[in-house]
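Residue numbers (my numbering), protein chains in the order written: chain A, 1 to 321; chain B, 1001 to 1600; chain C, 2001 to 2282.
Glycine included, C-beta positions come from ideal geometry on N, C-alpha and C.
One structure below.
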């Protein structure tokens, strides 16, 4: 088990390393100098030269990559390229994103807290009721929900609950430094939008997994041994459906991390996603790199935790191969 | 039936089940089982044997309902009970041992907890660790198995656990659904011994469902032969096997390859009828060699042909007068030994993924002489299929040589000359996977014709028709897709595809192990005939010693990658030299002597 | 062959195919039916529906109906191109990896792991930050995101099929590997692959549309449906149709494709479990 653990962690680190190379290369090695990209089309050659120097673009890419990676590992995300271009001496990315990061975390956490129990509950319910109206309703409903892009869901929700019914605000604006939980009503639509797709896919996958287990011979045998139906469902079916469900939930948590990018834009919510979109618009390459890397770390960590949980749940996996 | 003092443990009367559409699934089945008695329910796939067995537990598959009859187990009525009443019966009055023990155990429960669960379901409060221990002891598993998970057990141990679960509440009736199918023959023997002991010691009534008449006749007191949802014959085991009265039972007995009494096998032509295709008369009539026009008119009644022996045939009396004794096989005249066609020497092969470091096959040497059939026999994992794959060029050996007609073969089929590839053909185990489901039968057979014999399209058409006839399939099957054929038909097509190349050596890798006994016999019969007509040499891989006895000239016995014994079939099977061969032979199920026409 | 179209007889299959056909017709023939210019204003901005502009006008005073009729091509075209490119690469790699069980294999698995380290949208945004926004970046970016996952699915299916008797029989006959793949393997993995292609097509729509919505993809004056939603989102209370109309088109398109895929998957039975999720690259 320890060997497996070590191999799994090593694998995660390797994936992160490859991801960092990809992120760095995508931004810095594509045609055109990052400095001129940051400064825009009307930049004077002199300004480009100054920024090139300040961003250390005159050093070889490999050295800059190693430097960036080393500082990232030590928690230093670097300076914003756009701010440097505007002549600021120090513009730590961390200051720029720490507030939005917290806001995004709150949004994702609320969604996750609702998504996990609802996925498990409704998915298992649909599986136990397979073929009955409850199941069909859940299955068609989730198919529709999963098909819609967040910005479509969000826009349609705004059209209904703001334009049509005047119940809820169309945006979720939080002043810098304020607590998003201070005005919870604002968060209803963003959270609902995030939940829509993740919950739908969670329910579908949990249903599929549970249904499969319900068809197994050991569930049948338990019934033929006269075990009570409640016990058959809980101890035989759900218990074995839990492991695949954990992986599904992990995928959905990852989805929430990505989903906030669009949802924040739809509701003008000041989170890390909005910050990222702004950075891409301004071609603030250093911010994009660091934020992307940060999200990749969260992403891989979720995966790792899910794998370890599965290992604890399935006796067969606990043993050395 | 034989009357005994006291109530029978099982009494089924006039049981009928139907689909929601009204199609009958089971029609008018009646039987009794006394305490300490074992009833074997025998039938081929689709005969309804499992449906009848599960009805004893009050279980029907979705869409199937009981429409008539009574079922009583341990003195309690099963039919018409509500879910709660059934739950308290199951496991306590009548219990169930499933076919696939690996799938039937909850992977996340320890063995002890799984047994405890059954106890708890039936004896709230009075659950003791002692009973778990006793349940395990009953199937000869010690205390240490309580804490194990199913994946830590062998197949045989897993089956013991399911038996322990089924017997922990000491029910008067146990239903066993093919409990040894899929297990190796040595493991099968131990499980059967275990069951016999339990039956005698605990006076349990057992209903044992199986497709394997040879296994059943060794353990059953009474046998029920089912076909298309009806009982065709029932009676005391010895009488039924020795003097079968229904043509179907006779044909089944004649189809069993028996290791101790090799004889020419006779298969049953045709295909078993499925639900919804029942003819108006006798269901076996379309396949029966004794049919008369009036057999189609009405379903015959079950008539008592001897005390407690019943058969459902219009003609049983006239047929009983004309018994045909089976033809015992004579051993081949080896005075003129032909030259070897295939010579394998010091062959070693490994699995790509093997971590143990042990080779799948180690230092295997043997020869297949021209026109002869060499059987390679062993349990699963013994490496016998790997040898077949090496010969066919599908597995590259790590060392050793394979000579074909005196020329060394390359390991990889692609590296062998076209002519060599043509002369060695292979037929695979699974009839469901051996034909490309997207190609019509005609196209599957045409491909090797065009490749090896360079036939033009028109010439190929005639050759395909000829080959279909050769494997006794109607020509029109050429237009079908494999999905529209039965298992036996597919395997014939696979043989035709191999024959298309006009091979000299046919490698048969477990070609009949997925088929019903009657179909297996027909395919073996066909292979024998082809061998004689086409002067084929064969390397025949199988786990079934009975098949070896009926088809091969010489035999190689494999155990864990090593050939432990080799020799002429007669010699090896009658006086085995190796301990492993001896154990295999002892464990092989066999028919009683009077059933195979040998006077004791 | 009959089995291929069995799914059409199920309600979800019939509805799905109907919807997809409708949206495709709008996308292909819509531009010719547009009553007004898609780029020039025809009246006051954000006016409600009227006789000359059935769905009103957008934030620049352009006709919403005309733009909606025009905006489907890019949505479907870009997603189709990206999915096709991803499949071209993924299918080739997957078949080779699965059939030869060779060195490509570990490499493939690692590349999938790396793709799993990002939200797919993030990867595309990073690419846009570096290379700027263009049609090529969108198509190639989405193809790069999807190709590893496709090759993994194809590889698994190929591995499963290539141990079957009919494939081995062909190998033992000495057929060329290419012929074995084409005749024996490919036809038998096609069904699950087609279902997967449907799911990936929806995913391509989702992700490209998201980028366009954020304003980081196609640039003005494109009348792409997602762009229309993004542009008019702020003014939803003035002419909500400018948002609702394109949103509804995207919604029914993706629902239609998924319904069809789901119906096909069901008609294939237990051999294939549809993996309808939002977490893409797997």
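Buried versus exposed, by CB contacts within 10 Å (16 or more), residue i
i	result
residue 1143 of chain B	exposed
residue 273 of chain A	buried
residue 1297 of chain B	exposed
residue 2016 of chain C	buried
residue 1519 of chain B	buried
residue 1439 of chain B	buried
residue 2032 of chain C	exposed
residue 95 of chain A	exposed
8 Å Cβ cutoff, residue i in contact with chain C
i	result
residue 1426 of chain B	yes
residue 955 of chain B	Look at the range of chain B in this structure, 1001 to 1600, and you will see that residue 955 of chain B is not part of it.
residue 121 of chain A	no
residue 993 of chain B	This structure cannot speak to residue 993 of chain B, because chain B is shown only from 1001 to 1600.
residue 299 of chain A	yes
residue 1451 of chain B	yes
residue 7 of chain A	no
residue 264 of chain A	no
residue 321 of chain A	At residue 321 of chain A, the pLDDT of 43 sits below 50, so the modelled position is not reliable; the number obtained from the coordinates is stated separately. So, not an interface residue.
residue 1349 of chain B	no
Residue-level contact to chain A via CB, residue i, 8 Å cutoff
i	result
residue 2055 of chain C	no
residue 1096 of chain B	yes
residue 2107 of chain C	no
residue 1558 of chain B	no
residue 1118 of chain B	yes
residue 2118 of chain C	yes
residue 2153 of chain C	no
residue 2233 of chain C	yes
residue 2114 of chain C	yes
residue 1208 of chain B	no
Check whether residue i and residue j have beta carbons under 8 Å apart
i	j	result
residue 1238 of chain B	residue 1474 of chain B	no
residue 1384 of chain B	residue 1558 of chain B	yes
residue 2147 of chain C	residue 2086 of chain C	yes
residue 140 of chain A	residue 203 of chain A	no
residue 1160 of chain B	residue 1139 of chain B	yes
residue 310 of chain A	residue 246 of chain A	yes
residue 2208 of chain C	residue 2082 of chain C	yes
residue 37 of chain A	residue 2244 of chain C	no
Assumed close pair residue i, residue j - CB separation to whole angstroms, cut-off 8 Å
i	j	result
residue 1226 of chain B	residue 1092 of chain B	Going by Cβ atoms, the distance from residue 1226 of chain B to residue 1092 of chain B rounds to 27 Å, so no, they are not a contact pair.
residue 1236 of chain B	residue 1313 of chain B	So it is not a contact: roughly 18 Å between Cβ atoms.
residue 1234 of chain B	residue 1250 of chain B	With a Cβ gap of about 15 Å, residue 1234 of chain B and residue 1250 of chain B do not count as contacting.
residue 192 of chain A	residue 238 of chain A	Between residue 238 of chain A and residue 192 of chain A the Cβ distance is about 27 Å, and since that is not below 8 Å, they are no contact.
residue 2129 of chain C	residue 288 of chain A	4 Å
Chain B contact for residue i (CB, 8 Å cutoff)
i	result
residue 217 of chain A	yes
residue 132 of chain A	no
residue 2169 of chain C	yes
residue 309 of chain A	no
residue 2164 of chain C	yes
residue 2192 of chain C	no
residue 2174 of chain C	yes
task: Would you check if the region 2043-2058 of chain C and the region 2203-2211 of chain C touch, i.e. whether three or more CB-CB distances between them fall below 8 Å?
output: Below 8 Å, too few C-beta pairs join the region 2203-2211 of chain C and the region 2043-2058 of chain C to call them touching: fewer than three.
- prompt: Between the region 2184-2202 of chain C and the region 2251-2270 of chain C, do three or more beta carbon pairs fall short of 8 Å?
  reply: A contact exists between the region 2184-2202 of chain C and the region 2251-2270 of chain C.
- prompt: Touching or not, the region 2218-2229 of chain C and the region 2163-2182 of chain C, by the rule of three or more beta carbon pairs under 8 Å?
  reply: In short, these stretches do not touch, since the Cβ pair count stays below three.
- prompt: So does the region 1403-1416 of chain B actually touch the region 1464-1479 of chain B, counting three or more Cβ pairs closer than 8 Å?
  reply: The region 1403-1416 of chain B is not in contact with the region 1464-1479 of chain B.
field: the region 1058-1073 of chain B in contact with the region 1006-1022 of chain B per 3-pair CB rule at 8 Å
entry: Contact holds: three or more Cβ-Cβ distances are below 8 Å.
Contact between the region 1298-1307 of chain B and the region 1553-1567 of chain B (3+ Cβ pairs under 8 Å): Not touching, per the Cβ criterion.
- prompt: Can at least three beta-carbon pairs, one atom from the region 1522-1541 of chain B and one from the region 1373-1380 of chain B, be found at a separation below 8 Å?
  reply: These segments touch.
query: Do the region 200-214 of chain A and the region 107-120 of chain A make contact, defined as three or more Cβ pairs closer than 8 Å?
result: Contact between the region 200-214 of chain A and the region 107-120 of chain A is present, with at least three C-beta pairs closer than 8 Å.
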